[in-house]
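Trainee: First the structure, which I've put down as structure tokens, then a few questions once you've had a look.
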Amino acid sequence: MKATLAKTKKNTSSPILTTADIDHIAKLANVPVSKEQAIELTEQVGETVEYVSKLGALPTENVVETAQVTGLENVLREDEIDTTRMFTQEEALKNAKRTYNGFFMVDAVLEEK
Amino acid sequence: MNSDLSIRDIAKKLRSKEFSSYDLTRECYDLIEKVEPKIHAFITLVDKKDALARARKIDEHMTQSPLAGIPYVMKDAYLTRGVRTTAASKILDDFIAPYSATVHKKLEDAGAILIGKMNMDAWGHGASTENTDYGPSKNPWDLTRSAGGSGGGPAAAVAARLSVFGIGEDTGGSIRNPAAWNNITAMKVTYGRVSRYGAIAYASSLDTVGPTAKTAEDCAFVLEAIAGHDPYDATSSKQPVPNYTKELEKSIKGKRIAFPTEFYGEALDPEINAAITKAREVFVSLGATVTDVSLPMLEYGVPVYYILAPSETSSNLGRYDGVRYGYGRNLFTKENKRRIMTGTYALSSGYYDAYYKKALKVRSLFIEEYQKLLVNYDAILSPVTPIMPSKFGELLNDPMKNMMADLYTVIVNIVGLPALSLPCGFGKGGLPIGMQLVGSMFSESSLFSLGHAYQKVTDWHMQLPQVLK
Chain G
7 MKATLAKTKK NTSSPILTTA DIDHIAKLAN VPVSKEQAIE LTEQVGETVE
57 YVSKLGALPT ENVVETAQVT GLENVLREDE IDTTRMFTQE EALKNAKRTY
107 NGFFMVDAVL EEK
Chain Y
1126 MNSDLSIRDI AKKLRSKEFS SYDLTRECYD LIEKVEPKIH AFITLVDKKD
1176 ALARARKIDE HMTQSPLAGI PYVMKDAYLT RGVRTTAASK ILDDFIAPYS
1226 ATVHKKLEDA GAILIGKMNM DAWGHGASTE NTDYGPSKNP WDLTRSAGGS
1276 GGGPAAAVAA RLSVFGIGED TGGSIRNPAA WNNITAMKVT YGRVSRYGAI
1326 AYASSLDTVG PTAKTAEDCA FVLEAIAGHD PYDATSSKQP VPNYTKELEK
1376 SIKGKRIAFP TEFYGEALDP EINAAITKAR EVFVSLGATV TDVSLPMLEY
1426 GVPVYYILAP SETSSNLGRY DGVRYGYGRN LFTKENKRRI MTGTYALSSG
1476 YYDAYYKKAL KVRSLFIEEY QKLLVNYDAI LSPVTPIMPS KFGELLNDPM
1526 KNMMADLYTV IVNIVGLPAL SLPCGFGKGG LPIGMQLVGS MFSESSLFSL
1576 GHAYQKVTDW HMQLPQVLK
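Spelled out as structure tokens, the structure:
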């Protein structure tokens, strides 16, 4: 159980998280975080995580998880194209900041050799 | 001030031509010009010319809908084709949606007139509308205090009569908290009662779309227009939509109301405690029974919510990559980052079971606890917020306090239940106090009749805020 380990982890700013943890989470979340922010977030996210850890006190061995409350399952529709909901290319691109020849532009993912 | 009238009266007067939709809409814009600079409820004001032109058209072709020709506002969390949608974040500063949310489309079809997209905490993250990139909304009852959140903008506008009604989005209290702090009435609907299609997602398993207005009756009119199944939202319910406005007048004699004693402990502001205790007596005088009960899991609501909501939001906000629309992720606010990071942590490998999965299990325990209680009761009488409207900076600078403001509201979303928030008194300095009636799944109709009966014998909801005096 990593989580139990995490709780006992000690560092200068928070008993739960380190700035290295925050840097790692920031990378996973794709959120840019400055050095100062990382220090603040270590404390604040740590505080939240510590607080929510109190759920650990509740016994839930035989409890089934609830992810949603509708009682609905596998809501499907016919695999048909609904032309009333189609965008024109112009509409689809209208809000993009970078376009090229009618396409969205994205940052390169692969590096050149 | 015709915007102070009920929807029922406005609908009547529009048809008897006592005044026109054009007059009413223009009156709202005149009031906005006077009051908006003081409260800052709007992010985007719909062009007056466009709104008036639409009002003229409705005047010429009045429809059957009771909402025809009535001006309204929406929290800026709904896509409105042709009108800017920001979610109060600079990431969407110039975003014009190419399609409309179902709730917007339904209201347009009903002939209602959209006049504004309203201020909120960015992406719904907050309880004070301070976490917005467009400057905080001020409480029309005390301009030094917050209008609540996350939907502080729509609530403040309805309270100040700048709009006849508003549409909010409630994930953990975002409709009810500002309703309580602005002295208006609002319905957080059963999960799935109103389509979420085109609503900017905060936490998808908790998000609900609902009305804010002056009275339970007005909310009933609006909900009747927006509720129902939508093929574009797979979680929307096929349960038939009751005739809420007809069922309003049903007697509440013999209705059973539960009063959870744990809710009225130390965490609750004594003024709020006193006001709701008085409201309890009113319900008894109306023929309902109010019984002390126990809901001991209260303290676990906030921890469950602050695992599930951040987890879901970290996933939902992943789509804002600045490629197809919007600007970059560097524009998330501190609070946005806190929630995204908390959620990412709770979902990350090694911690998933201890946090996310654990919270889902405790969610089941909550559902069981509430289902058991609601077999024997028609409603639970609960505070909305533990604290009176906060001073600016009080919640924004204290993440823990910010979380605790949600103490009484988040559980309702975790379980998926409907809850009607309504005014029940005033505290020191004339600050409004709200209470909520929580019912079983799809019991909106019964909650409306309880609220309506209460509002027929009280006049808290009719009081006008300081900013109009």
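Residue numbers (my numbering), protein chains in the order written: chain G, 7 to 119; chain Y, 1126 to 1594. Note that beta-carbon positions come from the ideal geometry of N, C-alpha and C, so glycine has one too.
1. Should K1159 (chain Y) be labelled buried (16 or more other beta-carbon atoms within 10 Å of its own) or exposed?
2. Apart from the five residues on each side of it in sequence, which residues of its chain come closer than 7 Å, Cβ to Cβ, to S1361 (chain Y)?
3. Jot down the residue ranges of each uninterrupted alpha helix (DSSP H) in the stretch 1139 to 1185 of chain Y, minimum 4 residues, whole runs only, in chain order.
4. What residues in the stretch 98 to 110 of chain G have a beta carbon less than 9 Å from any beta carbon of chain Y?
5. What in chain G is Cβ-close to F1457 (chain Y), meaning under 8 Å?
6. Looking only at DSSP bridge pairs, what is D1234 (chain Y) linked to?
7. What do you get for F93 (chain G), buried or exposed, if any count of 16 or more other CB atoms within 10 angstroms of its CB means buried?
8. Less than 7 Å between the beta carbons of G1236 (chain Y) and I1183 (chain Y), yes or no?
9. How is S1128 (chain Y) classed by DSSP in three states: helix, strand or coil?
10. So with Cβ pairs under 7 Å, would you call E56 (chain G) a contact of chain Y?
11. Please state the DSSP three-state secondary structure of T18 (chain G).
12. When the cut-off is 7 Å and only beta carbons count, does P1543 (chain Y) lie next to chain G?
13. Which value, in whole angstroms, describes the spacing of the CA atoms of A1404 (chain Y) and Y1533 (chain Y)?
14. Is the shortest distance between the beta-carbon of T25 (chain G) and the beta-carbons of chain Y less than 7 Å?
15. Compare the C-beta of Q1591 (chain Y) with all C-beta atoms of chain G and state if any pair is closer than 7 Å.
16. Mapping the DSSP letters down to three states, classify R1270 (chain Y) as helix, strand or coil.
17. Using three-state DSSP, classify G1276 (chain Y) as helix, strand or coil.
18. For A1392 (chain Y), which residues in the same chain have their Cβ closer than 8 Å to its Cβ, ignoring the five residues on either side in sequence?
19. At a Cβ threshold of 7 Å, is E84 (chain G) touching chain Y?
20. Can you tell me the Cα-Cα spacing of S1145 (chain Y) and K1138 (chain Y), whole angstroms?
21. Looking at L1348 (chain Y) and P1367 (chain Y), is the spacing between their C-beta atoms short of 7 Å?
22. With a threshold of 16 other CB atoms inside 10 Å of the CB of E118 (chain G), please say whether the residue is buried or exposed.
23. Please determine, among Y:W1306, Y:G1541, Y:S1329 and Y:Q1189, the residue with the shortest C-alpha to C-alpha distance to K1339 (chain Y).
24. At which residues does the beta strand (DSSP E) containing D1601 (chain Y) begin and terminate?
25. Report the rounded CA-to-CA distance for V1395 (chain Y) versus F1551 (chain Y), giving the unit in angstroms.
26. Determine whether the Cβ of P1470 (chain Y) lies closer than 7 Å to any Cβ atom of chain G.
27. Count Cβ pairs between the stretch 1469 to 1487 of chain Y and the stretch 1370 to 1386 of chain Y that sit closer than 8 Å; are there 3 or more?
28. Which residues mark the beginning and the end of the beta strand (DSSP E) in which A1413 (chain Y) is found?
29. So, using beta-carbon positions, are L1545 (chain Y) and L1572 (chain Y) closer together than 7 Å?
30. Which chain Y residues sit within Cβ distance under 7 Å of Q50 (chain G)?
31. To the nearest angstrom, how far is the alpha carbon of N17 (chain G) from that of E46 (chain G)?
32. Rounded to the nearest angstrom, what separates L99 (chain G) and G1207 (chain Y) at their Cα positions?
33. Determine whether the Cβ of A1166 (chain Y) lies closer than 7 Å to any Cβ atom of chain G.
34. Beta carbon of Y1481 (chain Y), beta carbon of G1297 (chain Y): below 7 Å?
35. Below 8 Å CB to CB, which residues in the same chain sit around K8 (chain G) once its five sequence neighbours on both sides are set aside?
36. Counting only beta-carbon atoms, is M1529 (chain Y) nearer than 7 Å to chain G?
Mentor: So, from the data block:
1. Numbered from 1 along the second sequence, position 34 holds the residue referred to as residue 1159 (chain Y). Its Cβ having fewer than 16 others within 10 Å, K1159 (chain Y) is exposed.
2. As a first step, residue 1361 (chain Y) must be located in the second sequence, where it is residue number 236. These residues qualify, in order along the chain: G1317, S1320, H1354 and D1355.
3. 1146 to 1164 and 1173 to 1185
4. A98, L99, K100, N101, A102, K103, R104 and F110
5. One-based indexing of the second sequence puts residue 1457 (chain Y) at position 332. Within chain G, the residues near F1457 (chain Y) are V37.
6. What you label residue 1234 (chain Y) is simply residue 109 of the second sequence in a count that begins at 1. According to DSSP, which records beta bridges pairwise, D1234 (chain Y) is partnered with nothing at all.
7. The sequence position of residue 93 (chain G) within the first sequence is 87, counting from 1. So F93 (chain G) counts as exposed.
8. For this step, residue 1236 (chain Y) is matched to residue 111 along the second sequence. For this step, residue 1183 (chain Y) is matched to residue 58 along the second sequence. Yes, these two residues count as a Cβ contact at 7 Å.
9. The residue you call residue 1128 (chain Y) lines up with position 3 of the second sequence. For S1128 (chain Y), the three-state secondary structure derived from DSSP is helix.
10. The residue you call residue 56 (chain G) lines up with position 50 of the first sequence. Not one chain Y Cβ lies under 7 Å of E56 (chain G).
11. Locating residue 18 (chain G) in the first sequence gives position 12, counting from the first residue. Interpretation of T18 (chain G) is limited by its pLDDT of 44, a score under 50 that renders its predicted location unreliable; the figure taken from the coordinates is listed afterwards. In the structure shown, T18 (chain G) sits in coil (DSSP, three-state: anything other than H, G, I, E or B).
12. In the second sequence, residue 1543 (chain Y) corresponds to position 418, counting from 1. No - not a single Cβ of chain G is within 7 Å of the one on P1543 (chain Y).
13. If you number the second sequence from 1, residue 1404 (chain Y) lands on position 279. If you number the second sequence from 1, residue 1533 (chain Y) lands on position 408. Answer to the nearest angstrom: the Cα atoms are 17 Å apart.
14. Indexing the first sequence from 1 puts residue 25 (chain G) at position 19. Not one chain Y Cβ lies under 7 Å of T25 (chain G).
15. As a working mapping, residue 1591 (chain Y) is identified with position 466 in the second sequence. It does not: the Cβ of Q1591 (chain Y) has no partner Cβ on chain G nearer than 7 Å.
16. Within the second sequence, the letter at position 145 stands for residue 1270 (chain Y). If DSSP states are grouped into helix, strand and coil, R1270 (chain Y) belongs with the strands.
17. As a position in the second sequence, residue 1276 (chain Y) is number 151, starting the count at 1. The answer is coil: DSSP assigns G1276 (chain Y) none of H, G, I, E or B.
18. Position 267 of the second sequence, counted from the first residue, corresponds to residue 1392 (chain Y). P1511, M1529 and L1532, listed in sequence order.
19. If you number the first sequence from 1, residue 84 (chain G) lands on position 78. So, not an interface residue.
20. Taking the second sequence and counting its residues from 1, one reaches residue 1145 (chain Y) at position 20. Taking the second sequence and counting its residues from 1, one reaches residue 1138 (chain Y) at position 13. Going by the C-alpha atoms only, they are around 8 Å apart.
21. By one-based count along the second sequence, residue 1367 (chain Y) stands at place 242. By one-based count along the second sequence, residue 1348 (chain Y) stands at place 223. No. Outside cutoff.
22. Your numbering for residue 118 (chain G) matches position 112 in the first sequence. Classification of E118 (chain G): exposed, given that the 10 Å Cβ count is below 16.
23. Taking the second sequence and counting its residues from 1, the one referred to as residue 1339 (chain Y) is at position 214. Answer by Cα proximity: Y:W1306.
24. Given a span of 1126 to 1594 for chain Y in the structure shown, any question on residue 1601 (chain Y) remains unanswerable.
25. Residue 1395 (chain Y) sits at position 270 when you count from the first residue of the second sequence. Residue 1551 (chain Y) sits at position 426 when you count from the first residue of the second sequence. First, the residue type needs correcting, since residue 1395 (chain Y) is Pro and not Val in the sequence shown. The straight-line gap from Cα to Cα measures roughly 12 Å.
26. Within the second sequence, the letter at position 345 stands for residue 1470 (chain Y). One detail in the question is off: residue 1470 (chain Y) reads as Tyr in this sequence, not Pro. With 7 Å as the cut-off, Y1470 (chain Y) counts as an interface residue toward chain G.
27. No, the stretch 1469 to 1487 of chain Y does not touch the stretch 1370 to 1386 of chain Y.
28. In the second sequence, residue 1413 (chain Y) corresponds to position 288, counting from 1. From DSSP, A1413 (chain Y) is part of no beta strand (DSSP E); its letter is neither H nor E.
29. Here residue 1545 (chain Y) refers to the residue found at position 420 when the second sequence is read from its first residue. Here residue 1572 (chain Y) refers to the residue found at position 447 when the second sequence is read from its first residue. It is a contact, given that the beta carbons lie within the stated cut-off.
30. In the first sequence, residue 50 (chain G) corresponds to position 44, counting from 1. Result: R1463 and P1524.
31. Taking the first sequence and counting its residues from 1, one reaches residue 17 (chain G) at position 11. Taking the first sequence and counting its residues from 1, one reaches residue 46 (chain G) at position 40. With a pLDDT of 42 at N17 (chain G), under the threshold of 50, the modelled position of that residue is not reliable, and the figure given next carries that caveat. Straight-line Cα distance between these residues: approximately 14 Å.
32. Position 93 of the first sequence, counting from 1, holds the residue named residue 99 (chain G). Position 82 of the second sequence, counting from 1, holds the residue named residue 1207 (chain Y). One alpha carbon belongs to L99 (chain G), the other to G1207 (chain Y), and they sit about 15 Å apart.
33. Here residue 1166 (chain Y) refers to the residue found at position 41 when the second sequence is read from its first residue. Chain G, which has no Cβ nearer than 7 Å to the Cβ of A1166 (chain Y), makes this no.
34. The residue given as residue 1481 (chain Y) occupies position 356 in the second sequence. The residue given as residue 1297 (chain Y) occupies position 172 in the second sequence. No. Outside cutoff.
35. Numbered from 1 along the first sequence, position 2 holds the residue referred to as residue 8 (chain G). Residue confidence is low: K8 (chain G) scores 40 on pLDDT, short of 50, so the model does not pin down where it sits. No coordinate-derived value is stated.
36. Within the second sequence, numbered from 1, the residue matching residue 1529 (chain Y) stands at position 404. By this cut-off, M1529 (chain Y) is not an interface position.
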